[in-house]
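Okay, structure first, notes after.
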Amino acid sequence: MRTPSAHTLQIVVFALVASGFTNIYLTQPVLPVLQQEFGVSVAEAAWSISAVILGITLANIPFGLLADALPVRPIILLGGLMIAAAGLFTSTADALSWHVAGRFTQGLFIPALTTCLAAYLARVLPPDRLNVIMGSYVAATVLGGLGGRLLGGWIHPPLHWRYALVSAAALTIVSTVIAWWLLPREGKRVRPDHASRVGFLDLIRQWRVLRLVFSGMGSFFVFSSLFNYLPFRLAQPPFALSTNAITAVYLVYIMGIFIGPMAGKIANRWGSGSTLLAGAAVTFASVLLSALPWLSGVVAALLLLCAGFFTVHAASVGALNRALAHGHGRANALYVLFYYLGGWLGVSASGLAFQTWGWAGVMGVCVGMLAFPALAGWQLQREQESGN
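Counting from 1, one number per residue, gives the positions in the sequence shown under this note's numbering.
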């Protein structure tokens with residue numbers, strides 16, 4: 001059994017997860033370019049992103065079950081190669097339908113590099129090393145999302161977005177093969193005891209679980225909506241920004257690297273309920289600020305959006321895992337399922353709202369979805385105050 005150093009393993013995990021997340025948001029900054037090139041509406045162009053998120057949503061639980069039943073390293077290898085192949089196919093698509101099909105296929109296999117990798121790490125690493133490695137995992141999701149946006153709209157010229165897909169495919173192949181070679185092999189499986197066999201239906205019936213799942217869903221709905229339709233808003237008057245300038249605005253996303261760990265510390269001090277309420281309030285403020293006609297106001301709104309979103313996300317996950325004695329694996333798979341479902345719904349519903357009512361429509365649906373983290377936070381706070 002190969003045992004790479006902790007530093008090497010951190011780099012391998014970081015590269016693999018970052019390459020997976022790079023593919024998700026690659027075309028987000030160039031959605032206006034896709035709209036013009038394919039001759040489609042705003043909502044139809046947005047399927048370049050929502051198709052990936054839908055694929056992740058549908059495949060997350062099946063891949064989670066596969067990770068429990070089969071060795072994970074071959075799954076990671078197959079998943080990475082399929083993501084790269086679908087990316088290369090998408091780079092040659094001459095119609096939106098084929099483009100969306102390729103992006104959807106990428107989404108179907110991204111859980112091999114995320115859900116399966118997390119399950120694998122939990123199985124092969126001792127707790128002290130797992131905590132360190134998972135820090136690299138979380139940071140990679142943030143930088144991978146940012147890197148995809150920069151690759152698609154800045155490093156490659158916007159009109160050369162097809163080359164960005166090729167570059168992302170190459171990065172995915174390299175990181176996948178290196179991971180296959182360096183990740184330690186799995187030992188013998190330990191059969192879970194009867195008490196730990198908690199089914200998905202058992203979890204869904206528990207309101208303490210469901211409210212936190214909905215909290216993550218609602219927060220990612222808002223985050224995906226604002227970031228996905230930002231290029232269309234900033235490309236129009238009074239901003240009229242170029243694609244390169246719009247892409248530069250996405251640099252605020254890097255705040256997530258710092259907010260995630262901070263949110264955990266805040267939750268330990270204030271409690272998860274108060275932290276969720278604070279995160280929802282900050283996110284609400286960001287939605288309101290996004291209506292300002294000044295670029296500085298929009299940048300401030302996005303900074304607050306990142307702060308609020310990552311606070312809600314980290315507090316929801318932490319509270320979910322503390323609420324359970326058994327079934328953590330399935331509970332986290334359920335959370336991720338609803339999390340990406342929220343992202344897909346956000347991109348899809350907000351596209352229709354943007355076409356019908358403009359930016360005010362996007363703001364309206366986002367404010368409504370913030371009721372989920374606010375309700376979860378309020379109930380947790382009441383339980384904390386009552387000592388339950």
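Note that beta-carbon positions come from the ideal geometry of N, C-alpha and C, so glycine has one too. Since we're looking at a predicted model, the values are computed, not measured.
### Presumed contact (8 Å Cβ cut-off) between T105 and A86, rounded CB distance
For a cut-off of 8 Å, the C-beta gap from T105 to A86 is around 4 Å, short enough to register as a contact.
### Query
Between which two residues does the alpha helix (DSSP H) harbouring T283 extend?
272–289 is the extent of the alpha helix (DSSP H) around T283.
### Query
Does DSSP put H156 in a helix, a strand or coil?
In this structure, H156 counts as coil in the three-state DSSP scheme.
### Query
In three-state terms, what does DSSP make of L375?
Correct three-state label for L375: helix.
### Query
Could you give the C-beta distance for P231 and I246, rounded to a whole number, given that I count them as a contact under 8 Å?
Between the beta-carbon of P231 and that of I246 there is about 5 Å, and that keeps the pair under the 8 Å contact cut.
### Query
Measuring CA to CA, which of T27, A170, L341 is closest to G148?
The shortest C-alpha separation from G148 is found at T27.
### Rounded Cβ spacing between L212 and A376 (contact assumed at less than 8 Å)
That belief holds up - the Cβ atoms of L212 and A376 are roughly 6 Å apart, short of 8 Å.
### Task
Can you say whether S5 is buried or exposed, counting buried as having 16 or more other CB atoms within 10 angstroms of its CB?
By the neighbour-count rule (16 or more Cβ atoms within 10 Å), S5 is not buried but exposed.
### Message
Please tell me whether F338 and G145 are closer than 8 Å, where the distance is taken between their beta carbons.
### Response
No. Outside cutoff.
### Task
Kindly indicate which residue of V124, T311, R162, C366 has the alpha-carbon position closest to the one of L9.
For L9, the closest C-alpha among the options V124, T311, R162, C366 is that of V124.
### Message
Using only CA atoms, which one of N268, L210, L352, V362 lies nearest to Y335?
### Response
Relative to the Cα of Y335, the nearest Cα in the group N268, L210, L352, V362 belongs to L210.
### Query
Measuring CA to CA, which of V100, A59, L34 is closest to Y340?
For Y340, the nearest C-alpha among the options comes from A59.
### Query
Which value, in whole angstroms, describes the spacing of the CA atoms of I53 and T114?
Spanning the two alpha carbons is a distance of roughly 13 Å.
### Query
Rounded to whole angstroms, how far is the Cβ of V282 from the Cβ of L304, which I believe are closer than 8 Å?
Contact between V282 and L304 holds, with the beta-carbon distance rounding to 5 Å and staying under 8 Å.
### Query
When the Cα atoms are used, what is the spatial distance from P29 to E383?
Straight through space, the alpha carbons of E383 and P29 are spaced by roughly 42 Å.
### A43 to H7 span [Cα, whole Å]
In a straight line, the C-alpha of A43 is about 43 Å away from that of H7.
### Task
Could you check the C-alpha separation between L244 and P157 for me, to the nearest Å?
According to the sequence as given, residue 244 is Asn; it is not Leu. Cα to Cα, N244 sits roughly 8 Å from P157.
### Task
Would you mind giving the Cβ-Cβ distance between S175 and L16, rounded to the nearest angstrom? I have them listed as a contact below 8 Å.
About 5 Å separates the two Cβ atoms, so the contact holds.
### Query
In chain order, what residues of the same chain have a beta carbon less than 8 Å from the beta carbon of L34, not counting five sequence neighbours either side?
By the criterion of a C-beta distance shorter than 8 Å, L34 is surrounded in its chain by T27, V40, A45, S48, L96, H99, W161, once the five residues flanking it on both sides are discounted.
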